[in-house]
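As structure tokens, then:
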């Protein structure tokens, strides 16, 4: 059977359906799918969807020619009907299937692909071990999933036809065997992020005389893994002239605002909400003095790369990918807000100036042109494989 130039893509992002259209708040928006549409005539997106009668503020319409959503309708907590996946996949058995993994939907889809003997390909976008630790807040459930989910990921890697990774070496070294690392099957590395030329900013000046030092946090606030609680506790330990700028929105926003009040720093942190406008986002990056990542899990954190492209000094929690972005001495342990606070206080103006220049230089490898070439190689091999 001849395979058409059509792609079924699975993503973990949850979408809203409102009046028959699909909306999202986050990175997997319309522009996100352009890189797939550049290589495939039709892209169908398999994703979890919740119907709503009222569209929340900040959600954007997902709409592109030749882009269709294939919804798996969920309850409010994101539970989906497993049999729906099998029914959907049976229609795509002879098409190309790319699974963005790790994630609960990704794992389910790969298992069903195996059951119906459908070929699939993987884009590994996060560390499966860190992902497993943050799936549930229930200790018993989390303990079980920490054992089970990485094994499903290993199964994915064994059964997929090809796999790409967002890191150059870190996730590969942690998850693949020695023979697998050497295999051409896993010889693809590229990030989902693509920094356009106008996003770069190489004019950052460290102002040692400034009365206020602005620390920037950027992240979705739907789940605790972004670690805003750690950021706030860190700010609370710092002197009064350290202020926090928080970009992000989600169901936990009010909880974090309450925490900032309890910590006595509500007047030192500014909650900006979710920002989709590019120019507004750039203005915030360029007014900040230091970028702080406090995540408990990541793949290759795009917000750090965006900060680097804007010449910001960065300090980060020890999550997947950051060791490929910044020097180890600027990395603190996960959940260690005391260590983060000490690290910030230890930074001299000269060191911040060094980081600013070095980060800008290192961000060049994530330019849209360079990453497009790497992605194209993977997509071409996917098409040839089928």
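Residue numbers (UniProt numbering): 1 to 386. Just so you know, even glycine gets a beta-carbon here, dropped at the ideal spot from N, CA and C.
Checklist entry - Quick one: what does DSSP say residue 236 is sitting in, helix, strand or coil? => result helix
Checklist entry - Around the Cβ of residue 122, are there at least 16 other Cβ atoms within 10 angstroms (buried) or fewer (exposed)? => result buried
Item to check | beta strand (DSSP E) segment containing residue 242, residue limits | outcome: 242 to 247
Checklist entry - Applying the criterion that 16 or more other CB atoms from any shown protein chain within 10 Å of the CB defines a buried residue, is residue 359 buried or exposed? => result buried
Checklist entry - Which of the three DSSP states, helix, strand or coil, is assigned to residue 53? => result coil
Next on the checklist: Can you look up residue 335 in the DSSP assignment and give me helix, strand or coil?
Outcome noted: coil
Checklist entry - Thinking C-beta only, is residue 6 closer than 9 Å to residue 43? => result yes
Checklist entry - Would you say residue 321 and residue 300 are within 9 Å of each other, going by their C-beta atoms? => result yes
Checklist entry - When the Cα atoms are used, what is the spatial distance from residue 161 to residue 181? => result 14 Å
Item to check | Assigned exposure category for residue 12 - 16 Cβ within 10 Å defines buried | outcome: buried
Checklist entry - In terms of DSSP beta bridges, what is residue 73 paired with? => result 49
Checklist entry - Sorted by chain position, which residues of the same chain lie with C-beta nearer than 7 Å to residue 170's C-beta, five sequence neighbours on each side aside? => result 320, 321, 323, 324
Checklist entry - How many Å lie between residue 28 and residue 14 at the Cα? => result 9 Å
Next on the checklist: Pop quiz: residue 217 and residue 247 are said to be a contact at Cβ under 8 Å. What is the actual Cβ separation, rounded to whole angstroms?
Outcome noted: 7 Å
Item to check | As assigned by DSSP and simplified to three states, the class of residue 292 | outcome: strand
Next on the checklist: Taking 8 Å as the limit between beta carbons, can you name the residues of its chain near residue 257, skipping five residues before and five after?
Outcome noted: 266, 271
Checklist entry - Based on the DSSP secondary-structure assignment, which residues constitute the bridge partners of residue 367? => result 195
Checklist entry - Per DSSP, residue 387 is paired with what? => result This structure does not reach residue 387, given that the chain is present from 1 up to 386, and the question cannot be answered.
Checklist entry - residue 309 and residue 200 look like a contact to me (Cβ under 8 Å); what is the Cβ gap, rounded to whole Å? => result 5 Å
Next on the checklist: Is it buried or exposed, residue 349, if we count other Cβ atoms within 10 angstroms and call 16 or more buried?
Outcome noted: exposed
Next on the checklist: For residue 119 and residue 32, what's the separation of their Cα atoms in angstroms?
Outcome noted: 24 Å
Next on the checklist: Taking only three categories from DSSP, how would you classify residue 318?
Outcome noted: coil
Next on the checklist: Let's test the definition: count the other Cβ atoms within 10 Å of the Cβ of residue 287 and tell me whether it reaches 16, buried, or not, exposed.
Outcome noted: exposed
Item to check | Buried versus exposed call for residue 379 [16 or more other C-beta atoms within 10 Å across all chains shown] | outcome: buried
Checklist entry - Going by DSSP, which residues form a beta bridge with residue 44? => result 8, 68
Next on the checklist: Pull the bridge partners of residue 122 from the DSSP assignment, please.
Outcome noted: 99, 163
Checklist entry - Does the beta-carbon of residue 238 have 16 or more other beta-carbons within 10 angstroms, so that it is buried, or is it exposed? => result buried
Item to check | Residues of its chain near residue 73, where Cβ-Cβ distance is below 6 Å and the 5 sequence neighbours each way are ignored | outcome: 49
Next on the checklist: Please return the same chain residues whose Cβ sits closer than 7 Å to the Cβ of residue 168, not counting the five positions on each side in sequence.
Outcome noted: 189, 324
Item to check | Simplified DSSP state of residue 110, which is helix, strand or coil | outcome: helix
Next on the checklist: For residue 61 and residue 25, I'd like the C-alpha separation in whole angstroms.
Outcome noted: 9 Å
Checklist entry - How big is the Cα-Cα spacing for residue 143 and residue 134? => result 10 Å
Checklist entry - Can you tell me the Cα-Cα spacing of residue 214 and residue 244, whole angstroms? => result 6 Å
Checklist entry - Which residue comes first and which comes last in the beta strand (DSSP E) that contains residue 361? => result No beta strand (DSSP E) holds residue 361; the alpha helix (DSSP H) holding it covers 349 to 362.
Next on the checklist: According to DSSP, residue 213 sits in a beta bridge with which residue or residues?
Outcome noted: 242
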